[in-house]
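For the sequence shown, my numbering gives the first residue as 2, with consecutive numbering after it. Even glycine gets a Cβ: it sits at the ideal position worked out from N, Cα and C. Worksheet: the structure to be examined is printed underneath.
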Amino acid sequence: MIFVGQSDIISNAGATMTLYAPTMKELMLCATHAHTAIPGFNIPYLPMMEPVVQALRDTRCFGLIMVARLEWVKFAAGSLRTIYDAYQQAKDEQYTRLHLDHVPVIDEDQLAVEYDKIILEAVEMGYDSVMIDASRLPLRENIAATRHVVKIAHAANVAVEAELGAVLGHESGPLPPYEVLFETGKGFTDSEEAEIFVRETGVDWLSVAVGSVHGAISASARRAKKVEARISIDRLDAIRRKTGVPLVLHGGTGIRKECLLDAIRHGIAKINIATAIRQPYEAMMEEAPKEAEAAVYHATRTIIEDELELTNSVDLINPGTVQD
Ligand SMILES: [Zn+2]
C-alpha cells in the first residue's frame, strides 16, 4: 500500500484536522514513487544543525538530519543524546526527520562496536530511522547482524537502512586510483547478493556501492578535495529490479551533477551529504563561528537548489500535516 499523506481525520468543534505524521518508511516510499530523493545531511558539529534545517525550510525541501557514530567518536557531535536534544530544538517536522547514520559492526579502524546497544538506545530515544553497517563483514555475517537490528528497530516501528558492498573512503589508507576502482567494480554491490540480502534481512532501504566514495575523515586528509565520482546506472537498475526497496547513495559530495540526477531517476531515494557541508564549516569554525554557520546554510542551499534540484520536494514527500 502506498501512503498518500492523509489519515486519522478527527473532528474538533467543527474543524477537521489531519494529525498524522508519516513515518520515515512511508516518506521514503513517497520519494521513491515520486522519483525524487531525500537528502540526508551529516552533523559532525552541533552548530551545523540549525542552518541545515533553515536551508531545508527556505527551499521547501524535505530532508534528514543525520549523525553517524564516527561523528561523536572522531568529531564533535557529542553523543546520541546531545544530537537528539539539539534536534528537538531545531526540528521542523514538515521538513525534517532524525536519522542515525552508520553504526558499524566493525569500525573504520577495524575495531568491534557494540552496535546493537547503540541502535537500541537510538530507537528508544526516538530517532526516526537507523542504519546498521555490517558491510565490512562477509555476506552471511552481514545478513545475520542486519537481521538482528531489523528485529530490534521494527519492534518500535523504526525503519532500517543497511549497506551491502563497500562505499570506500573512511579507511585511513589511500584509495586505489578512482578509474581503476570504477572499471573493476571493486567492492561494488552485486545485484544477486542484494536480492538475497533484502529478502533475508527484511531491511527497509539499502545503501549500495555503485561508484560513489566517502570523504576522507582521518585528521591528515579531512581537508583534501574529494575525487570526482561517477555512478554505474546499469548496476543500479539491476539492484533495483532484484530488490524492490528504496536505494541509498552514500558519499553524495563530488559526484557529477548529471550522474546524481540520473541516479535519482533510477531508484536512489536518499542521498547522504557530509563533506560538502563539513569542509566549509571547518574552514571557519575556529576564527569565525557565526560565519561558519552561514557557510553551512549557503552550502546546503546550493546542494538542494543547484546540485540535486530538490526545491519544493516537500510537496511530493510530506505535503502537510495539519489542514483546516
Ligand atoms: Zn556513508
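On a CA-only basis, which of the options is nearest residue i? Give me that one, please.
i              : options                           : result
alanine 275    : Lys118, Met49 and Val161          : Met49
arginine 231   : Gly186, Lys243 and Glu201         : Gly186
arginine 279   : Cys31, Ile153 and Ile218          : Ile218
arginine 302   : His36, Cys62 and Lys227           : Cys62
tryptophan 206 : Leu262, Val131 and Cys260         : Val131
histidine 171  : Pro40, Glu72, Arg98 and Asp86     : Glu72
leucine 65     : Ala78, Asn158, Ile269 and Phe42   : Phe42
alanine 210    : Arg241, Arg266, Met29 and Leu311  : Arg241
aspartate 129  : Leu101, Leu309 and Leu311         : Leu101
leucine 182    : Val106, Ala300 and Glu229         : Glu229
tyrosine 298   : Glu287, Ala289, Tyr282 and Glu288 : Tyr282
leucine 237    : Pro105, Ala300 and Thr190         : Thr190
alanine 284    : Ala78, Thr147, Arg224 and Met29   : Arg224
tyrosine 85    : Val124, Leu57, Asp108 and Ala156  : Val124
glutamate 142  : Gly252, Ile305 and Ile197         : Ile197
serine 221     : Glu184, Ala239 and Ser173         : Ser173
alanine 239    : Ser192, Val199 and Val246         : Ser192
methionine 286 : Phe76, Cys31 and Ala69            : Phe76
lysine 291     : Cys31, Thr33, Leu47 and Ala32     : Leu47
alanine 145    : Thr33, Glu288, Leu99 and Val199   : Val199
If you draw a straight line from the alpha carbon of residue i to that of residue j, how long is it in whole angstroms?
i              : j              : result
proline 23     : tyrosine 179   : 39 Å
histidine 337  : glutamine 55   : Nothing about residue 337 can be read from this structure; the chain reaches only from 2 to 325.
serine 314     : glycine 255    : 22 Å
glutamate 327  : threonine 244  : With the chain covering 2 to 325 only, the question about residue 327 has no answer from this structure.
glycine 212    : proline 177    : 13 Å
threonine 97   : isoleucine 39  : 10 Å
lysine 1       : valine 74      : This structure cannot speak to residue 1, because the chain is shown only from 2 to 325.
methionine 126 : proline 52     : 23 Å
glycine 188    : alanine 264    : 19 Å
leucine 248    : alanine 160    : 13 Å
glycine 321    : tyrosine 21    : 9 Å
glutamine 324  : aspartate 316  : Because glutamine 324 sits at a pLDDT of 44, beneath the cut-off of 50, its placement in the model cannot be relied upon, and the following sentence gives the value as read from the coordinates. If I take the Cα positions, the gap works out to 14 Å.
alanine 35     : methionine 25  : 15 Å
leucine 262    : glutamate 310  : 8 Å
leucine 342    : valine 106     : Nothing about residue 342 can be reported from this structure: the residues present for the chain run from 2 to 325 only.
glutamate 194  : glycine 268    : 18 Å
leucine 250    : cysteine 260   : 12 Å
threonine 147  : glycine 79     : 26 Å
aspartate 59   : isoleucine 305 : 10 Å
alanine 277    : arginine 257   : 13 Å
alanine 300    : methionine 67  : 16 Å
alanine 296    : aspartate 307  : 16 Å
leucine 30     : valine 246     : 9 Å
glycine 252    : serine 208     : 11 Å
leucine 81     : threonine 37   : 29 Å
valine 104     : tyrosine 88    : 19 Å
So, is residue i buried or exposed, given that buried needs 16 or more other C-beta atoms within 10 angstroms?
i              : result
aspartate 134  : buried
glutamate 27   : buried
leucine 1      : Residue 1 is absent from the model: the chain starts at 2 and stops at 325.
proline 45     : buried
glutamate 162  : buried
lysine 227     : buried
proline 175    : exposed
asparagine 319 : buried
aspartate 110  : exposed
arginine 266   : exposed
asparagine 273 : buried
aspartate 235  : exposed
isoleucine 10  : Confidence at isoleucine 10 is low in this model, with a pLDDT of 42, below 50, so the placement of that residue should be treated as unreliable; the coordinate-derived value is given next. Exposed: under 16 other Cβ atoms inside 10 Å.
arginine 70    : buried
alanine 293    : buried
leucine 32     : Before going further, note that residue 32 is alanine rather than leucine in the sequence given. Looking at its Cβ environment, which holds 16 or more other Cβ atoms inside 10 Å, alanine 32 is buried.
Is residue i close to chain C, meaning its C-beta is less than 8 Å from at least one C-beta of that chain?
i          : result
valine 159 : No chain C is present in this structure, which holds just one protein chain.
Every unbroken beta strand (DSSP E) within the segment 126 to 207, with a cutoff of 3 residues, ordered by chain
130 to 134 and 160 to 165
For the segment 62 to 93, list the beta strand (DSSP E) runs that are entirely contained and at least 3 residues long, ordered along the chain.
64 to 68
Determine, using beta-carbon pairs with one atom in the segment 164 to 180 and one in the segment 131 to 145, whether at least three such pairs fall under 8 Å.
yes
Would you call the segment 84 to 94 in contact with the segment 108 to 122, where contact means no fewer than 3 C-beta pairs closer than 8 Å?
no
When you compare the segment 195 to 204 with the segment 141 to 157, are there three or more beta-carbon pairs, one atom per stretch, that lie closer than 8 Å?
yes
Every unbroken alpha helix (DSSP H) within the segment 214 to 258, with a cutoff of 4 residues, ordered by chain:
234 to 244
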